[in-house]
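Trainee: Quick note, the sequences are listed as chains V, Y and H, same order.
Each residue of the first sequence is one higher than the last, beginning at 1 in our numbering.
Each residue of the second sequence is one higher than the last, beginning at 1 in our numbering.
Each residue of the third sequence is one higher than the last, beginning at 1 in our numbering.
Handing you this structure, nothing more for now.
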Amino acid sequence: MRYTARKILTLLVTMLVVSLLTFAAFDMISGDPAATLLGTQATPEKVEALRTEMGLNRPMLVRYGEWLAGFFTGNLGVSFQYRQPVQALLGPKMLVTLCLSLVSFVLIVVVSLPLGLLSANGKLDGLHTFLNQFCMAVPPFFTGILISWCFGICLRAFVPGDFPGLDRNLGKSLVYLFFAAVSIAIPRVAMTVRMLRSTVISEMNKPYVRTAIARGNDRRQVLWGHVLKNSLVPTVTFLGQTMAEIVAGSIVVEQVFSVPGLGRMLVASISSQDYPVVEAIVVILAFWVVLSGTLADLVNRCIDPRMGGIGK
Amino acid sequence: MKKRNPYLTVGLVMTGILTALIVLGFFWTPYDPNAMAAGPKLTGPSLAHLMGTDSFGRDIFSRVLKGAGTTYGIALCTVAVGAVCGTVLGAVTGYFGGIVDDVLMRLGDVLTAFPSILLALVVISLLGPGKTGNVILALGLVFIPSFARMARGTYAGLREVNYVKSARLMGASSSRILWRHILPNTWSVLLPALTIGFNNAVLAEASMSYLCIGVTPPDASLGYMLSESQGMFMSAPWYALGTGLTLVWMVFGVGLIGEGLQRRGGGEV
Amino acid sequence: MKKRILTLLAAVCLLSAVLSGCGGGSQNGTTGTTDQSTANTQTEGPAARAAAGELNVGIAQDLDSSLDPHKTVKAGTREVMFNVFEGLLKPDASGNLNPAVAESYTVSEDHLLYTFKLRAGVKFHNGQEVTPEDVIWSYQRCGDANAPADIIQVAAFANVEMYQEGDDTVCFQLQEPNNEFASYLTTAVLPKDYTEQDTAPVGTGPFKFVSRTAQESVVLERFDDYWGEKPDLTKVTYKIIENADSILLSLQSGAVDVFAHLTTNQIQQLGDGFHVEEGTMNLVQALYLNNAEKPFDDVRVRQALCYAIDRQQILDLAFDGYGTLLGSSMYPAFSKYFDDELTNYYTYNTEKAKELLTEAGYPNGFDMTITVPSNYQSHMDTAQVIVEQLKAVGINAAIQPVTWESWVQDTYSNRQFQSTVVGVDASNMTARAMLERFVSTASRDFINYNNADYDALFAQAQACYDDGEQTALYRAMEKNLAENAANVYIQDMADFVAVRDGLEGPSFYPIYVLDLSTIHYTK
């Protein structure tokens, strides 16, 4: 219990620091959101007046305090660019990114777990390694371009750039997200397979396994009975990291496939200096990352209660 | 040690070929990479234009050579920044420990809470996009924590090893122990990490340029060219293919070297 | 073990509670949804849309922050919202101003008093009837220096006295005659006491605003109480498609029916099932030079650039030969003011360019940077061709791509640049909108053009009531810009609109709009 509490406390403190850093960082950027809004109509007096209206000329810490207070009451401020409450603006986008991440995650798990175990038999080492390295070398956005060409333009399986919308057509949207998820998943599958393979092989070489096999236990039985259980901890940790990396991948892949998710919103909001939105997205994504790690730790502790005492 | 290590060989050959081409590209390219109408517009790969031409009639092969050079250079510089700063930080904190160690490692934790591309995005928008130096700085900063963590682990582990203890007893200064005694023993970990870092840097730079916030013309890098080629995919698919495959080639080659190094260093599969 | 699992569950619940706190309870990102069901049921496929009289239009960028027409900054927003708002007057495709919210108007002998009789029974989209108070409030809002900072000030309204006469008449009393005053009355009339204009705009146009989803779409619907001829289309969805290669796909796959501002390259790949309407973008694309910055403070250098740049080659390389060459800050849609003789004032001549450069003290050329907003592929393309052409006279130009936001701030507002390739358009149908910006005191004179003759000509034109005389003065101003090579004028870009077969009627306006009311399905 203390362990769980400590983990959650660490998580909260990290989030606090992340949000403060982001807030401070964007405060220091030379660009002025007020001037951006006024565009070609900007004059120094107007910009100054609008800054006052938007409350931008107050000290940074005051605004951060306000933001934080708002955060805990479920109010993330109003987007400069869309003049809507940030939470209403980001709600549907978050859902899209969440779906994309989950589809990718499921894809990674479903493909890489059997592949990893299969490849752990130690045969065809060279081929595996070459394939692995190759898959890791393909950047998701390049795969994305190829997939939209092959499945979008040639096979017409989906329309690149025209995301149907989760609320309008769930089935079609999931097909669309599936293709985007494939390009995120390929390098991650390679990494997961590689990790699984090396974990299982190194576990198989441990004395207790050798003894078990030498005693006449079936190799397969040993694998399923002992080795897998002991390989679970590093696997869960790794999948936690994967969860975090998927989000990073989705920032770029959303751009390739024009998926209206958080990543695309983030890139657009950075260039239009829509700080309330940027701040919220950064916090959400960072939270996602930290949460993945924390969850992986907690799951591991359930699997192996010894964990809490030793590592972190 | 007689075991064959094809990864290192293949990786070195692949990277060697690419490096040679890039170096060649600094002095000579078949056509001026920016020259318009170097050939007919939108022609497919041929002997005259190995990777075809784009909608301006620019020779794509020449552009890819230049672009690969930019990407390669940025990745090297980034890894250098990340590895040097990270190793120094990690070495000092790992060896001495204490409060500085705690604070820095917490900070590292916070930094790694950001997905690297997100952190790079934030840093680059702080520094101002489009400039090569800023891209290197942003990415370098992103890579410091991972190197620091690795170096810290190795140094903390070696702090109490006998030969370090005896060096200390013999009155060797701390900097000498860090530099002369421990560093050489970290190579087996550091080298493969460098190749992984290089690949991450290549991919991160390409992603950023793809989002048009990395390096922009006239120093177009492979990522920027990919985003440019996406708009021409229907009329000139060879542009995207040539650029993308070069990128894959680069990362694949270095990845294999890393794999080979790891195995030679006695690491597990 | 059991206890641990419980703890874990509790932790997950706690964390997800925090997570949902971030996301906000509402999963509804659309605003101003007057009718949720119509916004969400989308008719699938072009055939179904045709049967229902619906249309999907593709646009390449998201709209402005605010949809309030008095705060509109981007041309792309004006293009869409043209269908939602009307002023007392409304321009048509040939550039004439027709009465809209007004039924008729008279101008006094001395050109100082404009009297507008409002059309009876004109309604806003929220059901209210337009009153003279609404009209006066709307126009005063644009002329009031103390209005909220993001309202775009219209200088022409500043010293005008506006008052109501009777129940249906609005009068504008001017201090000085202004030939172009009527053009400003195309400014939208809005309901006075309505406060949601930013996110749920309400006007009097043939279409009413339904909803907007950030980075995805804007939905308009036919306004059934429109005073004039009601449009054929019942519902129009603007889909925001930022990805250049998705544009063609969206047309071919049936996701959108009409897409404006395509490139020749895209048009050629369009395939069957579409026809293409060709018009002009109605803007002046030029290499704008900072006249206050060395070496462009020397007229000979600017002229040298004009000689060194082969405009026809730019069209051939980057635009497949389409486009209309220009020689000054005026485009052909302004037929009255456009002077075609200036088009070939400079002809491509590298020898002459080198001579001029030598005279100016740059026999070996110089280095320069061209700032380009990188979201505009056509400007990027043009700049890339220019860089290559300038090499022939020893000028070493480098492109500095910037985001649109930083272009606006650094290049346009702060004038921190050497040269830039962009297109400049007119926000209304007046020559003044094109030419005033180069007066040395104008706040929008981003190229720092400073020419006493030009300023004098502008002052004369403003003081002049006679239309013919004023036109002559405006033409003289254009000539002044050409002679002094204020900028390297390139072209008015060709504008292609892809239209699905079975649809007809998009027409080209002299300003940057797409009028939906004329589009209809042929049966």
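Ideal Cβ positions, reconstructed from N, Cα and C, are used throughout, including at glycine.
Assign isoleucine 17 of chain Y to buried or exposed, taking buried as 16 or more other Cβ atoms, counted over all protein chains shown, within 10 Å of its Cβ.
Mentor: exposed
Trainee: Taking 8 Å as the limit between beta carbons, can you name the residues of its chain near arginine 264 of chain Y, skipping five residues before and five after?
Mentor: Excluding the 5 residues flanking it on each side, arginine 264 of chain Y has same chain C-beta neighbours closer than 8 Å at Asn5, Leu8, in chain order.
Trainee: May I ask you to list the residues that DSSP assigns as paired with tyrosine 171 of chain H?
Mentor: First, the residue type needs correcting, since residue 171 of chain H is cysteine and not tyrosine in the sequence shown. Residue pairing by DSSP places cysteine 171 of chain H opposite H:Thr115, H:Tyr163 in a beta bridge.
Trainee: With respect to the beta strand (DSSP E) encompassing methionine 368 of chain H, which residues constitute its N-terminal and C-terminal limits?
Mentor: 367-373
Trainee: Assuming valine 154 of chain H and tyrosine 105 of chain H make a contact with CB atoms under 8 Å, what is their CB distance in whole Å?
Mentor: Between tyrosine 105 of chain H and valine 154 of chain H the Cβ distance is about 18 Å, and since that is not below 8 Å, they are no contact.
Trainee: Can you give me, in chain order, the residues of the stretch 385-399 of chain H that have a beta carbon less than 8 Å from any beta carbon in chain Y?
Mentor: Val385, Val387, Glu388, Ala398, Ile399
Trainee: Of all the CB atoms in chain V, is at least one closer than 9 Å to the CB of glutamine 215 of chain H?
Mentor: yes
Trainee: Measuring CA to CA, which of H:Leu63, H:Thr382, H:Ser443, H:Asp298 is closest to glutamate 483 of chain H?
Mentor: Considering only alpha carbons, the answer is H:Asp298.
Trainee: Helix, strand or coil for valine 219 of chain H? Go by DSSP, reduced to three states.
Mentor: strand
Trainee: Have a look at glutamate 45 of chain V and serine 66 of chain H and give me their C-alpha separation to the nearest angstrom.
Mentor: 20 Å
Trainee: Under the DSSP definition of a beta bridge, which residues are partnered with arginine 500 of chain H?
Mentor: H:Phe274
Trainee: Going by DSSP, name the residue or residues bridged to glutamate 129 of chain H.
Mentor: H:Lys123
Trainee: Mind checking leucine 124 of chain V: buried by the 16 CB within 10 Å criterion, or exposed?
Mentor: exposed
Trainee: Could you list which residues in chain Y have their beta carbon closer than 9 Å to that of threonine 14 of chain V, in chain order?
Mentor: Arg106, Asp109, Val110, Ala113
Trainee: According to DSSP, is valine 78 of chain V helix, strand or coil?
Mentor: strand
Trainee: Establish whether the CB of glutamate 478 of chain H and some CB of chain V are separated by less than 9 Å.
Mentor: Chain V has no Cβ within less than 9 Å of the Cβ of glutamate 478 of chain H.
Trainee: Whose C-alpha, out of V:Thr40, V:Trp67, V:Asp32, is nearest the C-alpha of threonine 52 of chain V?
Mentor: V:Asp32
Trainee: Should the stretch 182-192 of chain Y be called in touch with the stretch 77-97 of chain Y, which here means at least 3 C-beta pairs below 8 Å?
Mentor: Yes, the stretch 182-192 of chain Y touches the stretch 77-97 of chain Y.
Trainee: Using the rule of at least 16 other Cβ atoms within 10 Å of the residue's Cβ for burial, across every protein chain shown, is lysine 90 of chain H buried or exposed?
Mentor: buried
Trainee: Comparing alpha-carbon positions, which option in H:Asp167, H:Ser217, H:Phe172 lies nearest proline 132 of chain H?
Mentor: Residue H:Asp167 is the option with its Cα nearest to proline 132 of chain H.
Trainee: Find out if the Cβ-Cβ distance for the pair aspartate 68 of chain H, isoleucine 240 of chain H is shorter than 9 Å.
Mentor: no
Trainee: Under three-state DSSP, which class holds proline 33 of chain V?
Mentor: helix
Trainee: Buried or exposed: methionine 214 of chain V, going by 16 or more other Cβ atoms within 10 Å of its Cβ?
Mentor: In the sequence on display, residue 214 of chain V carries alanine and not methionine. Its Cβ having fewer than 16 others within 10 Å, alanine 214 of chain V is exposed.
Trainee: Going along the chain, which residues of the stretch 17-44 of chain Y sit with their C-beta nearer than 8 Å to a C-beta in chain A?
Mentor: The structure shown has no chain A; the protein chains it does contain are V, Y and H.
Trainee: Please list the terminal residues of the continuous beta strand (DSSP E) segment that includes valine 210 of chain H.
Mentor: 207-213
Trainee: Mapping DSSP to helix, strand and coil, what is histidine 539 of chain H?
Mentor: An answer regarding residue 539 of chain H cannot be provided, because it is not within the stretch 1 to 523 covered by chain H.
Trainee: Quick one: give me the first and last residue of the beta strand (DSSP E) that leucine 235 of chain H is part of.
Mentor: What sits at residue 235 of chain H in the sequence shown is lysine, not leucine. Where lysine 235 of chain H is concerned, the enclosing beta strand (DSSP E) stretches over 235-240.
Trainee: Under 7 Å between beta-carbons, which chain V residues line up against glycine 255 of chain Y? List them in chain order, please.
Mentor: Gln133, Met136, Ala137
Trainee: Is the CB-CB distance between alanine 185 of chain V and isoleucine 108 of chain V below 9 Å?
Mentor: yes
Trainee: Please determine if the stretch 476-496 of chain H and the stretch 118-125 of chain H are in contact, where contact requires at least 3 C-beta pairs separated by less than 8 Å.
Mentor: Short answer: they don't touch.
Trainee: Would you decide whether phenylalanine 283 of chain Y is buried or exposed? Buried here means 16 or more other CB atoms lie within 10 Å of its CB.
Mentor: This structure leaves residue 283 of chain Y out entirely; chain Y is present only between 1 and 269.
Trainee: Among residues of its own chain, excluding the 5 on either side of glycine 45 of chain H, which ones have a beta-carbon nearer than 7 Å to its beta-carbon?
Mentor: Gly254
Trainee: Just verifying my parser: in three-state terms, what is the DSSP assignment at glycine 32 of chain H?
Mentor: Confidence in glycine 32 of chain H is poor, its pLDDT being 40 and thus under 50, which makes the residue's placement unreliable; the coordinate value appears in the next sentence. Note: glycine 32 of chain H maps to coil in three-state DSSP.
Trainee: By the three-class DSSP mapping on this structure, what secondary structure does valine 100 of chain Y have?
Mentor: helix
Trainee: Closer than 8 Å by C-beta to isoleucine 136 of chain H: which residues in its own chain qualify, once you throw out the five before and the five after it? Chain order, please.
Mentor: Met162, Tyr163, Gln164, Val170
Trainee: If you draw a straight line from the alpha carbon of aspartate 339 of chain H to that of methionine 330 of chain H, how long is it in whole angstroms?
Mentor: 8 Å
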